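Residue numbers (the working numbering): 6 to 227.
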(Lines of atoms letter the chains of each structure in order from A and count residues from 1; the text may use other names and numbers.)
(Lines give C-alpha, C1' and ligand atoms only; values in the text may rest on other atoms or scores of the structure.)
Protein backbone atom coordinates (compact mmCIF):
# COMPACT_ATOMS: atom_id res chain seq x y z
CA UNK A 1 0.00 0.00 0.00
CA UNK A 2 1.49 3.31 -1.10
CA UNK A 3 1.37 6.08 1.48
CA UNK A 4 1.88 9.82 1.60
CA UNK A 5 2.96 12.09 4.44
CA UNK A 6 0.16 13.80 6.40
CA UNK A 7 2.22 16.86 7.30
CA UNK A 8 1.28 16.38 10.96
CA UNK A 9 4.23 15.34 13.15
CA UNK A 10 3.49 12.01 14.81
CA UNK A 11 0.27 11.28 12.90
CA UNK A 12 1.86 9.10 10.22
CA UNK A 13 3.21 6.78 12.89
CA UNK A 14 -0.18 6.05 14.46
CA UNK A 15 -1.72 5.65 10.98
CA UNK A 16 0.68 2.78 10.36
CA UNK A 17 3.16 4.63 8.18
CA UNK A 18 1.34 7.56 6.62
CA UNK A 19 -1.92 8.33 4.83
CA UNK A 20 -2.78 5.59 2.32
CA UNK A 21 -2.68 7.10 -1.16
CA UNK A 22 -6.11 7.65 -2.78
CA UNK A 23 -7.94 7.09 0.51
CA UNK A 24 -10.83 9.24 1.66
CA UNK A 25 -9.99 10.19 5.24
CA UNK A 26 -12.67 11.42 7.64
CA UNK A 27 -11.46 13.69 10.45
CA UNK A 28 -14.13 14.14 13.13
CA UNK A 29 -14.24 16.14 16.34
CA UNK A 30 -16.10 18.78 18.28
CA UNK A 31 -15.62 22.50 17.67
CA UNK A 32 -12.10 23.65 18.55
CA UNK A 33 -10.34 20.32 18.20
CA UNK A 34 -8.21 21.48 15.27
CA UNK A 35 -9.82 19.73 12.31
CA UNK A 36 -9.24 22.63 9.92
CA UNK A 37 -5.64 23.01 11.10
CA UNK A 38 -5.01 19.34 10.30
CA UNK A 39 -6.49 19.92 6.84
CA UNK A 40 -4.15 22.84 6.27
CA UNK A 41 -1.11 20.81 7.25
CA UNK A 42 -2.20 17.99 4.94
CA UNK A 43 -2.60 20.27 1.91
CA UNK A 44 0.57 22.25 2.71
CA UNK A 45 2.66 19.09 2.98
CA UNK A 46 1.53 18.08 -0.47
CA UNK A 47 2.26 21.49 -1.98
CA UNK A 48 5.76 21.43 -0.50
CA UNK A 49 6.31 18.08 -2.20
CA UNK A 50 4.96 18.93 -5.64
CA UNK A 51 1.38 17.71 -5.15
CA UNK A 52 -1.20 20.29 -6.20
CA UNK A 53 -4.25 20.76 -3.99
CA UNK A 54 -7.90 21.80 -3.88
CA UNK A 55 -9.49 23.12 -0.68
CA UNK A 56 -13.31 23.14 -0.74
CA UNK A 57 -14.86 25.15 2.09
CA UNK A 58 -18.58 24.78 2.73
CA UNK A 59 -18.52 27.14 5.71
CA UNK A 60 -15.65 29.63 6.17
CA UNK A 61 -14.46 32.14 3.60
CA UNK A 62 -11.09 31.25 2.01
CA UNK A 63 -9.46 34.51 3.17
CA UNK A 64 -10.33 33.72 6.78
CA UNK A 65 -8.96 30.19 6.45
CA UNK A 66 -5.73 31.37 4.81
CA UNK A 67 -5.26 34.03 7.46
CA UNK A 68 -5.50 31.40 10.18
CA UNK A 69 -3.03 29.18 8.35
CA UNK A 70 -0.57 32.03 7.83
CA UNK A 71 -0.36 32.51 11.59
CA UNK A 72 0.84 28.91 11.77
CA UNK A 73 3.57 29.56 9.21
CA UNK A 74 1.73 28.18 6.18
CA UNK A 75 1.88 30.56 3.21
CA UNK A 76 -0.78 29.44 0.75
CA UNK A 77 -0.81 32.65 -1.32
CA UNK A 78 2.44 31.64 -3.00
CA UNK A 79 0.99 28.37 -4.27
CA UNK A 80 -2.27 29.99 -5.35
CA UNK A 81 -0.36 32.49 -7.48
CA UNK A 82 1.62 29.63 -9.03
CA UNK A 83 -1.62 27.82 -9.94
CA UNK A 84 -0.85 24.87 -7.70
CA UNK A 85 -3.66 25.43 -5.20
CA UNK A 86 -7.30 26.42 -5.56
CA UNK A 87 -9.62 27.41 -2.74
CA UNK A 88 -13.33 26.95 -3.46
CA UNK A 89 -16.05 28.52 -1.32
CA UNK A 90 -19.34 26.84 -2.13
CA UNK A 91 -22.85 27.41 -0.83
CA UNK A 92 -24.15 24.13 0.67
CA UNK A 93 -27.70 25.19 -0.29
CA UNK A 94 -26.90 24.25 -3.90
CA UNK A 95 -24.78 21.22 -3.23
CA UNK A 96 -25.52 19.28 -6.43
CA UNK A 97 -23.48 21.74 -8.48
CA UNK A 98 -20.40 21.23 -6.34
CA UNK A 99 -19.62 17.88 -7.97
CA UNK A 100 -18.92 19.41 -11.38
CA UNK A 101 -16.98 22.33 -9.90
CA UNK A 102 -14.85 20.01 -7.78
CA UNK A 103 -14.17 17.61 -10.65
CA UNK A 104 -13.29 20.39 -13.09
CA UNK A 105 -11.00 22.12 -10.58
CA UNK A 106 -9.17 18.92 -9.68
CA UNK A 107 -8.65 18.14 -13.37
CA UNK A 108 -7.72 21.72 -14.21
CA UNK A 109 -4.77 21.94 -11.84
CA UNK A 110 -3.90 18.24 -11.65
CA UNK A 111 -4.64 18.10 -7.92
CA UNK A 112 -3.47 15.10 -5.92
CA UNK A 113 -4.74 16.25 -2.52
CA UNK A 114 -8.25 17.48 -1.72
CA UNK A 115 -9.83 18.88 1.44
CA UNK A 116 -13.58 19.15 2.05
CA UNK A 117 -14.25 21.27 5.14
CA UNK A 118 -16.80 20.49 6.35
CA UNK A 119 -19.04 17.69 5.15
CA UNK A 120 -21.32 18.49 8.11
CA UNK A 121 -22.54 21.60 6.31
CA UNK A 122 -24.35 19.42 3.78
CA UNK A 123 -26.56 17.90 6.46
CA UNK A 124 -27.72 21.31 7.63
CA UNK A 125 -29.63 21.68 4.36
CA UNK A 126 -30.47 18.05 3.57
CA UNK A 127 -32.81 16.82 6.29
CA UNK A 128 -33.51 13.36 4.90
CA UNK A 129 -30.82 10.94 6.10
CA UNK A 130 -31.19 8.71 3.05
CA UNK A 131 -30.72 11.68 0.74
CA UNK A 132 -27.70 12.82 2.74
CA UNK A 133 -26.15 9.36 2.54
CA UNK A 134 -26.71 9.34 -1.24
CA UNK A 135 -25.15 12.79 -1.57
CA UNK A 136 -22.04 11.87 0.42
CA UNK A 137 -21.74 8.55 -1.44
CA UNK A 138 -21.93 10.30 -4.82
CA UNK A 139 -19.29 12.76 -3.65
CA UNK A 140 -17.03 9.85 -2.73
CA UNK A 141 -17.49 8.36 -6.22
CA UNK A 142 -16.35 11.62 -7.81
CA UNK A 143 -13.27 11.72 -5.60
CA UNK A 144 -12.33 8.08 -6.17
CA UNK A 145 -12.34 8.39 -9.95
CA UNK A 146 -10.11 11.48 -9.74
CA UNK A 147 -7.12 9.59 -8.28
CA UNK A 148 -6.81 11.93 -5.30
CA UNK A 149 -6.22 11.57 -1.59
CA UNK A 150 -8.94 13.41 0.31
CA UNK A 151 -9.42 14.64 3.86
CA UNK A 152 -12.96 15.64 4.80
CA UNK A 153 -14.06 16.93 8.18
CA UNK A 154 -17.18 16.33 10.24
CA UNK A 155 -18.10 18.32 13.33
CA UNK A 156 -19.50 16.34 16.23
CA UNK A 157 -21.90 18.11 18.56
CA UNK A 158 -20.42 18.23 22.06
CA UNK A 159 -21.90 15.46 24.21
CA UNK A 160 -23.15 13.51 21.20
CA UNK A 161 -22.20 9.85 20.89
CA UNK A 162 -20.80 8.52 17.63
CA UNK A 163 -17.81 9.45 15.50
CA UNK A 164 -19.51 11.76 13.00
CA UNK A 165 -22.24 14.39 12.89
CA UNK A 166 -24.89 12.37 11.08
CA UNK A 167 -23.65 8.80 11.39
CA UNK A 168 -23.20 8.35 7.64
CA UNK A 169 -19.87 10.01 6.86
CA UNK A 170 -17.73 7.16 8.18
CA UNK A 171 -19.32 4.66 5.79
CA UNK A 172 -17.80 6.26 2.68
CA UNK A 173 -14.42 6.91 4.32
CA UNK A 174 -11.49 4.51 3.99
CA UNK A 175 -9.85 5.92 7.12
CA UNK A 176 -11.33 7.63 10.17
CA UNK A 177 -9.50 9.86 12.66
CA UNK A 178 -11.27 11.33 15.70
CA UNK A 179 -10.02 14.33 17.70
CA UNK A 180 -11.16 14.74 21.31
CA UNK A 181 -11.05 17.77 23.59
CA UNK A 182 -12.40 16.74 26.97
CA UNK A 183 -12.22 17.69 30.61
CA UNK A 184 -9.95 15.46 32.65
CA UNK A 185 -9.99 16.13 36.39
CA UNK A 186 -9.20 19.87 36.64
CA UNK A 187 -8.03 20.48 33.09
CA UNK A 188 -8.95 19.89 29.46
CA UNK A 189 -6.91 17.44 27.43
CA UNK A 190 -6.57 16.75 23.71
CA UNK A 191 -6.39 13.20 22.41
CA UNK A 192 -6.52 11.63 18.95
CA UNK A 193 -7.54 8.14 17.89
CA UNK A 194 -7.41 6.34 14.56
CA UNK A 195 -10.67 4.40 14.30
CA UNK A 196 -9.93 2.65 11.03
CA UNK A 197 -7.53 2.47 8.11
CA UNK A 198 -8.94 0.13 5.50
CA UNK A 199 -6.52 -2.63 4.57
CA UNK A 200 -3.86 -1.63 7.09
CA UNK A 201 -2.79 -2.04 10.67
CA UNK A 202 -2.78 1.10 12.80
CA UNK A 203 -2.61 2.22 16.42
CA UNK A 204 -5.89 1.71 18.24
CA UNK A 205 -4.85 3.71 21.29
CA UNK A 206 -5.74 7.23 22.35
CA UNK A 207 -2.73 9.51 21.87
CA UNK A 208 -2.06 12.99 23.19
CA UNK A 209 -1.82 15.85 20.72
CA UNK A 210 -1.19 19.57 21.01
CA UNK A 211 -1.97 22.60 18.87
CA UNK A 212 1.28 24.56 18.69
CA UNK A 213 2.27 27.75 16.85
CA UNK A 214 3.22 25.48 13.92
CA UNK A 215 0.03 23.40 13.94
CA UNK A 216 -0.94 20.03 15.37
CA UNK A 217 1.68 17.72 16.87
CA UNK A 218 0.78 14.13 17.81
CA UNK A 219 2.70 12.24 20.47
CA UNK A 220 2.63 8.54 19.49
CA UNK A 221 4.19 7.32 22.73
CA UNK A 222 1.75 9.17 25.00
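C-beta: ideal position from N, C-alpha, C; glycine also. For clarity, every value in this text was computed on a predicted model and none was experimentally measured.
Check, Outcome
"Thinking residue 122 and residue 73 are a contact (beta carbons under 8 Å), I'd like their distance in whole angstroms, please.", "Not quite, the Cβ-Cβ distance comes to about 12 Å (not below 8 Å), so this is no contact."
"So residue 95 is in the beta strand (DSSP E); what residue range does that whole segment cover?", "Segment: none, residue 95 is in no beta strand (DSSP E) and carries neither H nor E."
"Classify residue 225 as helix, strand or coil using the three-state DSSP reduction.", "coil"
"Looking only at its own chain, which residues have a Cβ that is under 6 Å from the Cβ of residue 33, when we skip the five neighbours before and after it?", "159, 161, 168, 169 and 183"
"Per DSSP, which one or two residues make a beta bridge with residue 25?", "8"
"Within 8 Å, do at least three Cβ pairs link the stretch 75-87 to the stretch 102-115?", "no"
"Straight-line CA distance for residue 222 to residue 20?", "14 Å"
"Taking only runs of the beta strand (DSSP E) that begin and end inside the stretch 130-207, which ones reach a length of at least 3 residues, in chain order?", "154-160, 180-189 and 192-202"
"Taking the CB atoms as reference points, tell me whether residue 141 and residue 119 lie closer together than 8 Å.", "no"
"Classify residue 31 as helix, strand or coil using the three-state DSSP reduction.", "strand"
"Between 117, 10 and 132, which lies nearest to residue 57 when the distance is taken from Cα to Cα?", "117"
"How long is the line joining the alpha carbons of residue 29 and residue 151, rounded to whole angstroms?", "12 Å"
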